[in-house]
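Chemist: Got a structure for you, written out below as structure tokens; questions coming shortly.
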Amino acid sequence: MELQIQDLVSSIRKEGIDVANAEAEVIISEAKKKAEAIIADAKAEAKSIKETSEKEIGILKESAAISAEQAKRDAMLAFKTEVKAEFEKILSGKIKNNLSDAALGKLIQAVVVGEDVQNYSVEVSEVNAALKAELAEEIKKGLEIRPTKGVQAGFRLAAKDGSGYFDCSDEEIMQMLMPYFRNLDF
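Just remember that the numbering used here sits 1 ahead of the position in the sequence shown, which is counted from 1.
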């Protein structure tokens, strides 16, 4: 009988262990499946985050490139504007310096050649002896020379009847020459 009890206990133990092993395998199998699902979800989420990050990086790079190009264009336009402003200053200064009384007299003489000078008056910034001496012949023929605040350098030849004028002031000469400098490309 003892042997039967031992066989019975062994048999119960064996069945218990087999059941426990089967249950352990089921639990382990379910745990593995859950682990694989968690890993798969984590990989999918990581992939999604990576793709989103790469898209954002691409957008940021493109935005930075556009901003850099805009800044480059703005800097170039500012540079051109500054260079043109300097050209205007230099040109204006050169015109004023080169329009001495002798040069001014020669320009006025060239403009009135072949004209009846008594129909015209010349407006200049200042009437002085040197200019009068240079234009003595034209003054004898009736050319009127008068100072005006509207002319800093150069002259303006106006018809006495008010029908028109020829502007050869420093400002007008500069305006005539500046288109040649405005179209400079750097």
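C-beta: ideal position from N, C-alpha, C; glycine also.
Because the structure is a prediction, the values reported are computed rather than measured.
Who are the near neighbours of residue 148 in its chain, counting only those whose CB is closer than 8 Å to its CB and skipping five residues on each side?
Modeler: Result list for residue 148: 124, 125, 126, 127 and 128, in chain order.
Chemist: Looking only at its chain, what residues have a beta carbon closer than 7 Å to the beta carbon of residue 143, apart from the 5 residues adjacent to it on each side?
Modeler: 118 and 119
Chemist: Going by DSSP in three states, residue 139 sits in which element: helix, strand or coil?
Modeler: helix
Chemist: Taking DSSP as the reference, what is the three-state secondary structure of residue 42?
Modeler: helix
Chemist: Would DSSP call residue 12 helix, strand or coil?
Modeler: helix
Chemist: List in chain order: all unbroken beta strand (DSSP E) runs of 3+ residues lying wholly within the stretch 31-79.
Modeler: none
Chemist: Taking residue 125 as part of the beta strand (DSSP E), name the residues at either end of that continuous run.
Modeler: 121-125
Chemist: If we ignore side chains and look at the alpha-carbon of each, how far apart do residue 134 and residue 151 end up?
Modeler: 23 Å
Chemist: Can you tell me whether residue 4 is buried or exposed, with buried defined as 16 or more other CB within 10 angstroms of its CB?
Modeler: exposed
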